[in-house]
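Scroll down for the structure; my scribbles are underneath it.
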Amino acid sequence: MTDVSDPIETTTIEETNDQGEAKEARCPVTHSAAADPDHNKRWWPNRLNIKILAKNSPARNPLGEEFDYVKAFEALDLAEVKKDIAHVMTDSKDWWPADFGTYAPFMIRMAWHAATAGSKVGVLTDREGALTNDFLVTLLDLETSWERGEGDLYNGKNATSGATFTGSRADLVFGANSELRAVAEVYASDDAREKFTRDFVDAWVKVMELDRFDLHR
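If you read the sequence shown in this note's numbering, its first letter stands for residue 17, the second for the next number, and so on.
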């Protein structure tokens with residue numbers, strides 16, 4: 017936020033030192049504080065200093081440089097660690113109830129959102145949030161040409177519609193690798209929309225229920 021350059025009108029006392037030079041103008045009301053007004057950057061909430069968060073705090077490595085992570089890991093009882101994790105994942109709390117008695121889907125969603133962070137890379141559709149085969153259709157569309165962009169990104173443009181897309185190497189591999197392309201072509205066909213949705217849902221449910229301890233006893 018830009019500072020306000022116009023001074024606030026203030027009543028000041030002009031003082032001089034022993035040499036007759038004028039001292040700094042001070043306000044007679046606020047205990048002789050300097051008359052220079054606060055700028056708008058200090059008005060609300062008086063500029064909380066968050067620069068400390070960017071420093072290399074010792075908390076980033078609380079065990080110190082001499083700590084041997086490999087040795088400490090080998091000393092762990094992995095069976096107990098897994099048992100503890102399983103307990104935490106299934107210990108539903110009233111203040112944040114777990115879906116179906118497990119926090120596994122929640123952890124997956126957190127990792128997913130942390131990885132994407134609202135990125136538009138790999139979004140090869142204008143129907144975000146809808147379960148469609150648009151990704152594969154756009155990827156294999158011969159009207160769309162791809163060119164190397166910055167880093168490992170590629171920029172695509174449809175010659176007919178003018179629509180533009182951004183994809184990564186991980187996205188474009190579905191069209192470049194022969195085995196993956198064979199699968200992609202099946203689901204990108206016009207009559208495969210229903211099949212894609214059905215197969216995707218079946219695969220999703222299978223993965224989501226792998227850690228459902230109540231279903232696999």
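No residue lacks a Cβ here, since even glycine has one placed at the ideal position from N, Cα and C. As the structure is a prediction and not an experimental result, all values here were calculated from the model.
ask   = Taking Cβ to Cβ, would you say Leu155 is nearer than 8 Å to Ala200?
value = yes
ask   = Any chance the region 190-209 sits against the region 139-158, with 3 or more Cβ pairs inside 8 Å?
value = yes
Cα-Cα separation between Glu225 and Pro121, rounded to whole angstroms = 9 Å
inquiry  = Quick check on the DSSP output: the beta strand (DSSP E) that includes Ala203 runs from which residue to which?
reply    = Reading the sequence as shown, one finds Tyr at residue 203 and not Ala. Run containing Tyr203: none in the beta strand (DSSP E); it sits in the alpha helix (DSSP H), Ser194 to Ala204.
message = I need the straight-line Cα distance from Asn193 to Ala204, nearest angstrom please.
response = 15 Å
message = According to DSSP, simplified to helix, strand and coil, what is Pro44?
response = With a pLDDT of only 49 at Pro44, under 50, the local geometry of the prediction cannot be trusted, and the value read off the model is given with reservation. Of the three classes helix, strand and coil, the one that applies to Pro44 here is coil, per DSSP.
request  = Go to Arg214, then tell me how far its beta strand (DSSP E) extends in each direction, as first and last residue.
outcome  = Note, Arg214: premise wrong, no beta strand (DSSP E); alpha helix (DSSP H) at Arg209 to Met224.
request  = Return helix, strand or coil for Thr18, following the three-state DSSP convention.
outcome  = Residue confidence is low: Thr18 scores 40 on pLDDT, short of 50, so the model does not pin down where it sits. Its coordinate-derived value is still stated next. In the structure shown, Thr18 sits in coil (DSSP, three-state: anything other than H, G, I, E or B).
3-residue-minimum beta strand (DSSP E) runs that sit fully inside the region 119-174, ordered along the chain = 160-164 and 169-174
query = Using a Cβ-Cβ cut-off of 7 Å (strictly less than) and excluding sequence neighbours within five positions of Met105, which residues of its own chain qualify?
reply = Thr118, Tyr119 and Ala120
query = To the nearest angstrom, how far is it from the Cα of Gly145 to the Cα of Lys98?
reply = 34 Å
task = Could you give the DSSP three-state label for Ala51: helix, strand or coil?
result = Bear in mind that a pLDDT of 49 at Ala51, under 50, signals an unreliable position, so the model cannot answer this.
inquiry  = Using C-beta distances below 7 Å, list every residue in its chain close to Ser108, excluding the 5 sequence neighbours before and after it, in chain order.
reply    = Ala114 and Gly117
key: Residues that Ser184 bridges to, as DSSP identifies them   = Leu169
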